[in-house]
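Notes to accompany the following structure.
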Amino acid sequence: MGGAAAIAVADDAAVATDSAQQQVNRQAQQPLNNAPVWRGVRSGAAHSTQATGREAGVLIQSAGETWRQIRNGPITLIGGLLLILVPIAIALFYGLKGPLKLHGQPTGKLVQRFSSWERAIHWSTAIAFVVLAVTGVLLLFGKHILIPVIGHAGFAWFATIAKNVHNIVGPLFIFCVACMFIVFVRDNIWHGIDWEWLKKAPQVLSGKAHVPSGKYNAAEKGWFWGGVALLGLVVGASGLILNFPNFEQTRFTMQIANIVHGVGALLFVAASLGHIYMGTIGTEGAYKAMRTGYVDETWAKEHHELWLNEVKS
Numbered sequence: 413m414g415g416a417a418a419i420a421v422a423d424d425a426a427v428a429t430d431s432a433q434q435q436v437n438r439q440a441q442q443p444l445n446n447a448p449v450w451r452g453v454r455s456g457a458a459h460s461t462q463a464t465g466r467e468a469g470v471l472i473q474s475a476g477e478t479w480r481q482i483r484n485g486p487i488t489l490i491g492g493l494l495l496i497l498v499p500i501a502i503a504l505f506y507g508l509k510g511p512l513k514l515h516g517q518p519t520g521k522l523v524q525r526f527s528s529w530e531r532a533i534h535w536s537t538a539i540a541f542v543v544l545a546v547t548g549v550l551l552l553f554g555k556h557i558l559i560p561v562i563g564h565a566g567f568a569w570f571a572t573i574a575k576n577v578h579n580i581v582g583p584l585f586i587f588c589v590a591c592m593f594i595v596f597v598r599d600n601i602w603h604g605i606d607w608e609w610l611k612k613a614p615q616v617l618s619g620k621a622h623v624p625s626g627k628y629n630a631a632e633k634g635w636f637w638g639g640v641a642l643l644g645l646v647v648g649a650s651g652l653i654l655n656f657p658n659f660e661q662t663r664f665t666m667q668i669a670n671i672v673h674g675v676g677a678l679l680f681v682a683a684s685l686g687h688i689y690m691g692t693i694g695t696e697g698a699y700k701a702m703r704t705g706y707v708d709e710t711w712a713k714e715h716h717e718l719w720l721n722e723v724k725s
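Written out as structure tokens, the structure is:
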């Protein structure tokens, strides 16, 4: 037993000696290729370099691996589930409840709901949003969905085009959102009646209850403030940081901006599906209102009675 232990100790000593000798030999042949050097490289400390710019002296930033795991892990998984479950929930709601139809007969009298300028801003923002959503989803999920179908080379072309389109349309979308906020904010101020609408939201959305509202109801105001204003600001600010890295952002700043941008964009797209549903097949006459700018008086009375009274007074 004692002899076996002695042999084991001797073997360990031999291995340690061999390892040390290998380190010495590597140091002689490749002076900078050894464990101490690589520990220093991975430490994140800045060293001497001819390159200029912030963090130019940092060869490896270990936090980049953490960012990669977050982006390719929770963001991709949870975000993908969100973009699948929300349409399913909307489809189930539509299948069970159907569209929100008028109770009364149309009068034939039209009321202007949106001006040409308001519709131009809305559709410009909507088109830019859809382009960004499609290209963003392609960049985030494309390697999981498209590479098995079109291969790496084909996806590389799609991803390059999507990235450039995304970068160009992004600033245009920010401008459109700013214009939309300025034009629509006045009618989206919260009032006491909006709380009453929220309390009865399930009954209102299923057509079983009626709560008078102004030009926009509580759900529409929620989309304006939570979606257009808040999430628009989040994805806009983080997008600019990513779009213009020449303002000496650090890698950590870019990583945080990318995570914030991804989470904000996924929430924005998911919320927009509800808005798109209610503005098209979910509410009878809603799409026509934004397409032509006019609604029937019956529609205005059943959906936005307080606003109709203001228009007629």
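Take the position in the sequence shown, starting the count at 1, then add 412; the result is the number in my numbering. Quick reminder that beta carbons are idealized off the backbone N, C-alpha and C, glycines included.
Original post:
Counting along the chain, where does the alpha helix (DSSP H) carrying Q366 start and finish?
Top reply: Any answer about residue 366 is impossible in this case: the structure gives the chain only from 413 up to 725.
**OP:** With a 10 Å radius around its C-beta and 16 neighbouring C-beta atoms as the bar for buried, classify R727 as buried or exposed.
**Re:** Since the first residue shown for the chain is 413 and the last is 725, residue 727 is missing from the structure and cannot be characterised.
**OP:** Compare the Cα-Cα distances from I693 to each of L720, T519, K509 and report the closest residue.
**Re:** With distances taken between Cα atoms, I693 lies closest to K509.
Subject >> Any 3 or more C-beta pairs closer than 8 Å across the region 611-630 and the region 646-654 >> reply: Touching, no.
Original post:
Which residues in the same chain have their Cβ closer than 7 Å to the Cβ of A545, if we skip the five residues on either side of it in sequence?
Top reply: Cβ-Cβ distances below 7 Å link A545 to V681 in the same chain, with the five nearest sequence neighbours on each side left out; the list follows chain order.
Subject >> Local conformation of Y628 per DSSP, three classes >> reply: Y628 falls in the coil class under three-state DSSP.
**OP:** Would you kindly check if the distance between the Cβ of L512 and the Cβ of T695 is under 8 Å?
**Re:** Annotated as proximal: T695 and L512, with beta-carbon spacing under 8 Å.
Original post:
Measuring CA to CA, which of A621, I559, L642 is closest to F593?
Top reply: Here the closest residue by C-alpha is L642.
Subject >> Backbone secondary structure at V623 - three-state DSSP >> reply: DSSP places V623 in coil when its eight states are reduced to three.
**OP:** Would you identify the three-state DSSP class for Q615, choosing helix, strand or coil?
**Re:** The answer is helix: DSSP assigns Q615 an H, G or I state.
Original post:
I487: which of D606, L679, A532 sits nearest, CA to CA?
Top reply: Checking every option, the nearest Cα to that of I487 belongs to L679.
Subject >> Member of I586, N437, E530, H534 whose CA lies at the smallest distance from the CA of I688 >> reply: Here the closest residue by C-alpha is H534.
Subject >> N-terminal and C-terminal residue of the beta strand (DSSP E) that Q481 is part of >> reply: Going by DSSP, Q481 is part of no beta strand (DSSP E) but of the alpha helix (DSSP H) stretching over 475-482.
**OP:** Assign S684 to one of two classes, buried (16 or more other C-beta atoms within 10 Å of its C-beta) or exposed (fewer than that).
**Re:** So S684 counts as buried.
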